[in-house]
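Below is one structure; the comments refer to it alone.
In my numbering, the protein residues as written are 3 to 100.
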């Protein structure tokens, strides 16, 4: 909904899609200066490269990459914290994204 654009201080998501898709879904709803916090796991080097490209398009910048260790899990979970530095362009999220 349009009334939710750029209104939230924090937007979160689990690993339900690739980083570029998660950023496209989340950035339109994050206010400038707010954070998009995404939980991911596994080898992320290529996905992170793609995510940084997508972040540039939606006005976000990676501020923090935090390793998360949970008892009994050794799958390399990470919290990726992005800062929304400018308003997300109106074409995002594209049709079907939200």
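Here a beta-carbon is modelled for each residue, glycine too, at the ideal position from N, C-alpha and C. Quick caveat, the model's predicted, so the values are computed rather than measured.
Would the segment 46-58 count as touching the segment 17-36 if we require 3 or more Cβ pairs under 8 Å? Cβ pair count under 8 Å is three or more, so yes.
Limits of the beta strand (DSSP E) - the one that residue 85 falls within
Looking at the DSSP string, the run of the beta strand (DSSP E) that includes residue 85 is 75-86.
Buried or exposed for residue 45, please, with buried defined as at least 16 other CB atoms from any protein chain shown within 10 angstroms of its CB. Using a 10 angstroms sphere on the CB of residue 45, the tally of other CB atoms stays under 16, which defines it as exposed.
Would you mind giving the Cβ-Cβ distance between residue 42 and residue 17, rounded to the nearest angstrom? I have them listed as a contact below 8 Å. Contact flag correct, Cβ pair sits at about 5 Å.
**Message:** I'd like the span of the alpha helix (DSSP H) that includes residue 54, first residue to last.
**Reply:** From DSSP, the alpha helix (DSSP H) with residue 54 extends over 47-60.
- prompt: Thinking C-alpha only, which one of 52, 62, 50, 40 is nearest residue 30?
  reply: Nearest option by C-alpha distance: 62.
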